[in-house]
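Mapping the sequence shown onto numbering that gives the first Met the number 0, position 14 (from 1) lands on 13, and the numbers just tick up by one.
Even glycine gets a Cβ: it sits at the ideal position worked out from N, Cα and C.
Treat the numbers as computed from the prediction; the structure is a model and nothing was measured.
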Amino acid sequence: MMVFQHEVQLKPRNRGFHVITDEILGKITADLTSISKGLCHVFIQHTSAGLSINENYDPDVRHDFETHFNRMVPEDTTLYRHTLEGADDMTSHIKSSIVGHQVTIPITNGRLNLGTWQGIYLCEYRNVGGPRRIVVTITGVGF
């Protein structure tokens, strides 16, 4: 059994759903290619952003996610007590809890075994997010 762990710092992004698959692969490919079968666990160390796997081709999907989440969790400060950092403060925590902080992807023959149209999303819920820290743990058997 082999285990590798990487901390990846993502560049700051504005609110929205961003495909970060290539950015993560750029940091883990050397270790990933030594695994024949295993799992890649990706965890975000923040409570106002999330991770998801979804369609990575049509940008309308990311736009529709943003529209839906803004309707589902409106930025109305009269609804929340925790608003010290602005109208997007508590709403970011709620959205993060709904989507979650981690994804796990199978590894097959040294590659992430994602579907044809799947990608890893950073779900940034703050209007102006800062740099986000991701921990990627690769576990598996070698070739």
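List the endpoints of the continuous alpha helix (DSSP H) containing residue i.
i     : result
Met89 : Asp88 to Val98
Pro58 : Pro58 to Met71
Gly25 : Thr20 to Leu31
DSSP on residue i, reduced to helix/strand/coil?
i     : result
Arg12 : coil
Leu50 : strand
Leu78 : helix
Leu83 : coil
Is any beta-carbon of chain B found at less than 9 Å from that of residue i?
i      : result
Asn108 : Reference to chain B is not applicable here, since this structure consists of a single protein chain.
If you check the beta carbons only, do residue i and residue j fall under 9 Å apart?
i      : j      : result
Val41  : Ile119 : yes
Arg61  : Gly15  : yes
Ile106 : Lys36  : yes
Have a look at residue i and residue j and give me their C-alpha separation to the nearest angstrom.
i      : j      : result
Tyr56  : Tyr124 : 21 Å
Val72  : Gln117 : 25 Å
Leu31  : Tyr79  : 43 Å
Glu54  : His17  : 11 Å
Asn108 : Phe142 : 8 Å
Met1   : Thr103 : 16 Å
Arg132 : Asp87  : 20 Å
Could you spell out the range, first to last residue, of the beta strand (DSSP E) harbouring residue i?
i      : result
Gln101 : Gln101 to Thr107
Tyr124 : Gln117 to Val127
Phe42  : Ile34 to Ile43
Quick one: is residue i buried, meaning 16 or more other Cβ sit within 10 Å of its Cβ, or exposed?
i     : result
Ala48 : buried
Lys94 : buried
Ile34 : buried
Ser96 : exposed
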